[in-house]
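As structure tokens, the structure follows; a few thoughts come after it.
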Amino acid sequence: MRLILPLALAALTAAPALATEGVLDVVAPFEIKGADPSTSGNVFIKMELAETLVNADADGRLVPGLATDWQVSRDGLSWLFRLRQGVLFHDGTPLTAEAVAGALTHARAKPGLLDTAPITAIAAEGADLRITLSEPFAPLPAFLSEYRALIYAPAAYDAAGTATQVIGTGPYRLTALQEPLRLEAARFDDYWGEAARIDRVTYQAVGRAETRALLAESGDADYVFNLDPASVRRLSDGKAVEVLSVPVPRSLLIKVNAGHPALSDPRARRALSLAIDRQGLAQAILRYPSGADQLFPPSVPDWHVAGLEPLAHDPQAARAILADLGWTPGPDGILTRDGERFSLVLTTYPDRPELPLSAAVIQQMMAGIGVEVAINSTNSSEIPAGHMDGSLDLALLARNFALVPDPIGTILTDYAQDGDWGAMGWGNDAFAALIRDLAAGQGGQPQRDAAMAILQAELPVIPVAWYQQTAAVSQGVTGAVIDPFERTIGLSRMEWAGQ
Amino acid sequence: MIWRALGYRLAQALVVALLVGVLSFLMMQALPGDMAFRIAAGRYGYDMVDAAAAAAVRAELGLDRPAWQGFLIWLGDLARLDLGVSVISGRPVWAEIRHQLGASLHLAGVAVILSALIGPPLGIWAGLRAGGWLDRGLLVVSAALRAVPQFLMGLILIVLVSIQLGWLPAAGHGQARHVALPALTLALGMAAVSARVARDAMAEVAARPFYAFGRWKGLTEGQMLRRHGLRNIGVAMVTFLSLQFVMLVEGVVVVESIFGWPGIGHALVHAIFGRDVPMVQGTALLLGLGFVVLNALTDLLARLIDPRGISA
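Residue numbers (the numbering used here), protein chains in the order written: chain A, 2 to 500; chain B, 566 to 877.
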């Protein structure tokens, strides 16, 4: 006994903390729900197992992917994509125009962005791909860069058009898939582009933010995606990892039911906006440098309007506006008008841990101007469901505007008419006309600025904060990035430090 | 004799299967929220769930038909030993459960072995010296361990063993080393209780006249323990172990989520959130049948080791 213990301890300590030599471990919260791009394409694109026709750089500019270039006909109804030659799928079959047309047709049959585009046909034309439209649609190439438009080999799909295997063209090929939490991949030696530098990589889904942070701290993972605010501070102080942080085109915002009797007047929405101390919320709760004073952060230069009057914090002014609208404080301090209490339900979801926390702070801030808010923290789907049946009052959410590099797609679906995650009971003809023109490829910066000014004035949604994406990267690797569009982590460009 | 017992267990298994199927189905129907929206959120994630996605899901899965029809289809499939297809991933429920149940059983098995190595030996040692410093110390330690919630225990172990000492991976799955910390988290909680049970049983047996008689006969402590002690406390321990299984299932859900372990607890929680009715029914069914099998094994073991009742 006296001998065994030290021996056992020695054996354990002999195994180094970074025991996964030669294998780069990526950890993120996203679970793998299946092989199909529509459910888990975000994981497969980040792990560079599969690719899209069009890529986007860190500034959101579209660059060639599996298509080398593309052009649109003069009437805007027909797009020709020239496909890259000499590309092989991981099963050894060549990338053909038929295979691409098949993959995109399968993608379009599922809920997603592509099925909202006015596409009438996707067909091979010799070695190229032709997409025909029923009306001009400028963001089409951007839509094709989204992860749900990943190109798999024909053998990946079953009879119903759902992918059952991951057979892509990326610099890494899948070697093991253990849904829902893990996959392993190895360098694909017949890759058409520059070869990956690290031979073997793994992906592990870990739902808890504190566990992810501990994995980074212990050296068990080399790239850890999405840290909680408290861990960012702790890991930044240490020497084990480098913490990357960039603002991404995702905004924390309050969706307002503009059809609600208490909220239909834009001045009422302005009053709610004035009640929010964005700076305090951002710094104390979210640990971000600052709150949002308009919908888009400066990192989305086309849609951030420099001269726009910022959303301010002024509870005094908010109370004055509500008094003008006929609201008077009741005995408990809550406003009433014609016997109606100013009482709202704020729906949110805990998938993003900062949301329920922020909701509680917003509840306090609203109470400060006499508005009673009850929080309903539930499943994310309650927000579009409540939108549809009209029962939603307020919702706190983190909307991703970078599903495609050009946010026009999301703005179009969210605000040009009623949109599940955007405007509710709100419409503005001038705004809708501006956005439709932009989507059709007409107009430029002045039109974008004008559209954003309308949103800022009417507040169909109330921006609260601009999201910061974070990652912890081991000092043992170089070349890691955070892509604001959440498409890549730089996997095939990463290499072991000191090599 | 043994056939009658087996037949009884088989009937019990059928009743459990039917009850679990009906209850899990009814509970899923009673949950608030629109099922099509919930499934769409489970499949496509919160950025993608919208009315169009929900409508597509509703049409694809035929959610407009009356719920009882869906239940009859499930029963029909079950009669053919087919658990159906997950509405989230589209893969057969059995294929999903096999991987996740395997991972849970692996974790639970290692935890039970670890706790059996830690708890009962310490308990027996303390029981033989009831009232001594070891006995009192063990009481304090086991009470403390039992009082620590499992998620906290998991985090403490990660910080101590992975970060401070760098001995074991903090979380993950795929290699043998990954099981150590989650299993230890579960085992410490179980050992804290099983040590107390073993200690009490041992102290009671050691206080009996036959134990004193054995000593008086000139048997050594080791001989006494082997011949008279272990078998007598064995019945209490085996019965208690099966009870611990319930605690284990409860703990596994928490521990799996902390350590990123792909288990059945994790699967069940996600299936409920995503209104994945076939997955919930399949998982609940297997867990229910697992309890029946476990009870049967416990009975069998208790009969075999009980020194009083060979013929019963």
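Note that the Cβ used here is the ideal one computed from N, Cα and C, for glycine as well.
Residue i at chain B interface by Cβ criterion, 9 Å
i	result
T163 (chain A)	yes
H107 (chain A)	no
L8 (chain A)	Legend: pLDDT at L8 (chain A) = 43, less than 50; position of this residue unreliable, no value from coordinates given.
E243 (chain A)	no
W1 (chain A)	Chain A is shown from 2 up to 500; residue 1 (chain A) falls before or after that span and cannot be answered.
W467 (chain A)	no
M367 (chain A)	no
L13 (chain A)	Confidence at L13 (chain A) is low in this model, with a pLDDT of 44, below 50, so the placement of that residue is unreliable and no value is reported for it.
R3 (chain A)	Any answer about R3 (chain A) is weak, because its pLDDT of 43 lies below 50 and its placement is not dependable; what the coordinates show is given next. Not closer than 9 Å to any Cβ of chain B, the Cβ of R3 (chain A) fails to qualify, so no.
V28 (chain A)	yes
P385 (chain A)	yes
Q205 (chain A)	yes
D116 (chain A)	yes
A16 (chain A)	With a pLDDT of 41 at A16 (chain A), under the threshold of 50, the modelled position of that residue is not reliable, and no figure is offered here.
E218 (chain A)	yes
W304 (chain A)	no
Whole-angstrom C-beta distance between residue j and residue i, which should lie under 8 Å
i	j	result
A691 (chain B)	R791 (chain B)	Not quite, the Cβ-Cβ distance comes to about 18 Å (not below 8 Å), so this is no contact.
V587 (chain B)	P843 (chain B)	Their Cβ separation, rounded to whole angstroms, is 15 Å, which puts V587 (chain B) and P843 (chain B) out of contact at 8 Å.
G87 (chain A)	W193 (chain A)	6 Å
F179 (chain A)	P827 (chain B)	Checking the displayed sequence, the identity of residue 179 (chain A) turns out to be Gln instead of Phe. That belief holds up - the Cβ atoms of Q179 (chain A) and P827 (chain B) are roughly 7 Å apart, short of 8 Å.
V202 (chain A)	A186 (chain A)	5 Å
A578 (chain B)	A601 (chain B)	Contact doesn't hold; Cβ gap of about 34 Å is too wide.
V482 (chain A)	S146 (chain A)	Actually they are not in contact, since the Cβ atoms of V482 (chain A) and S146 (chain A) sit about 17 Å apart, beyond 8 Å.
W71 (chain A)	L81 (chain A)	7 Å
D407 (chain A)	V306 (chain A)	At roughly 16 Å, the Cβ-Cβ gap does not stay under 8 Å, so D407 (chain A) and V306 (chain A) are not in contact.
Beta-carbon contacts of residue i that lie in its chain and below 7 Å, excluding the five residues immediately before and after
i	result
P464 (chain A)	S252, L254, A293, Q295, L296 and L312
V362 (chain A)	L282 and I286
A118 (chain A)	F138, L141 and F144
A330 (chain A)	Residue identity check: residue 330 (chain A) is Pro in the sequence provided, not Ala. The answer, listed in chain order, is L336 and G371.
T414 (chain A)	T117 and G420
N475 (chain A)	Just to set this straight, residue 475 (chain A) is Ser in the shown sequence, not Asn. Within the same chain, S475 (chain A) has close Cβ partners G220, D223 and V242.
T133 (chain A)	L78, S79, T121 and A122
L397 (chain A)	I255, L347, T349, L356, S359, A360 and I363
I412 (chain A)	I436
CB contact below 9 Å: residue i versus chain A
i	result
L721 (chain B)	In the sequence on display, residue 721 (chain B) carries Ile and not Leu. No, no contact with chain A.
A619 (chain B)	yes
H671 (chain B)	no
E815 (chain B)	no
Y573 (chain B)	no
V675 (chain B)	no
G731 (chain B)	yes
Y609 (chain B)	yes
G655 (chain B)	yes
E661 (chain B)	yes
G649 (chain B)	no
Contacts around residue i, its chain only, beta-carbon distance under 6 Å, and the 5 residues preceding and following it disregarded
i	result
V27 (chain A)	Y204 and Y224
Y424 (chain A)	Here the sequence assigns Ala to residue 424 (chain A), which means Tyr is not the residue at that position. Y416 and P461.
A1 (chain A)	Residue 1 (chain A) is absent from the model: chain A starts at 2 and stops at 500.
G688 (chain B)	A760, A763 and R764
D642 (chain B)	G649
A861 (chain B)	R574
G61 (chain A)	P406
Same chain only: Cβ atoms within 8 Å of residue i, ignoring 5 sequence neighbours per side
i	result
I501 (chain A)	Only positions 2 to 500 of chain A appear in the structure, and residue 501 (chain A) is not among them; the question remains open.
L575 (chain B)	none
N380 (chain A)	Y350
Proximity test, residue i beta-carbon vs the ligand ATP heavy atom, cut-off 8 Å
i	result
R711 (chain B)	Absence of the ligand ATP from the depicted structure is noted, as is the absence of any ligand whatsoever, leaving it without description.
Contacts of residue i in chain E (Cβ-Cβ under 7 Å)
i	result
V614 (chain B)	The chain labelled as chain E is not found among the protein chains of the depicted structure, namely A and B.
Can you find at least 3 beta carbon pairs, one from the segment 709-724 of chain B and one from the segment 810-829 of chain B, that sit closer than 8 Å?
yes
Below 8 Å, can you find three or more Cβ-Cβ pairs linking the segment 346-363 of chain A to the segment 317-333 of chain A?
no
Below 8 Å, how does it come out for the segment 674-682 of chain B and the segment 741-754 of chain B: are there three or more Cβ pairs, yes or no?
yes
Counting pairs of Cβ atoms below 8 Å between the segment 255-269 of chain A and the segment 381-396 of chain A, do you hit three or more?
yes
Touch test, the segment 772-785 of chain B against the segment 703-710 of chain B, Cβ-Cβ under 8 Å, three pairs minimum
no
So, does the segment 482-494 of chain A touch the segment 796-803 of chain B, judging by three or more C-beta pairs under 8 Å?
no
Which ranges does the alpha helix (DSSP H) cover as unbroken runs of at least 4 residues, wholly within the segment 365-397 of chain A, from first to last along the chain?
383-390
Jot down the residue ranges of each uninterrupted beta strand (DSSP E) in the segment 734-764 of chain B, minimum 3 residues, whole runs only, in chain order.
none
Only counting runs of 4 or more residues, tell me where the alpha helix (DSSP H) segments fall wholly within the segment 591-641 of chain B, in order along the chain.
600-609 and 616-626
Quick check: the segment 262-279 of chain A against the segment 447-462 of chain A, are at least 3 beta-carbon pairs closer than 8 Å?
yes
Whole runs of the beta strand (DSSP E) within the segment 221-268 of chain A, excluding any shorter than 3 residues:
224-226 and 242-257
Of all the beta strand (DSSP E) runs that stay within the bounds of the segment 66-140 of chain A, which reach a length of 3 or more residues?
68-73, 79-84, 120-126 and 129-134
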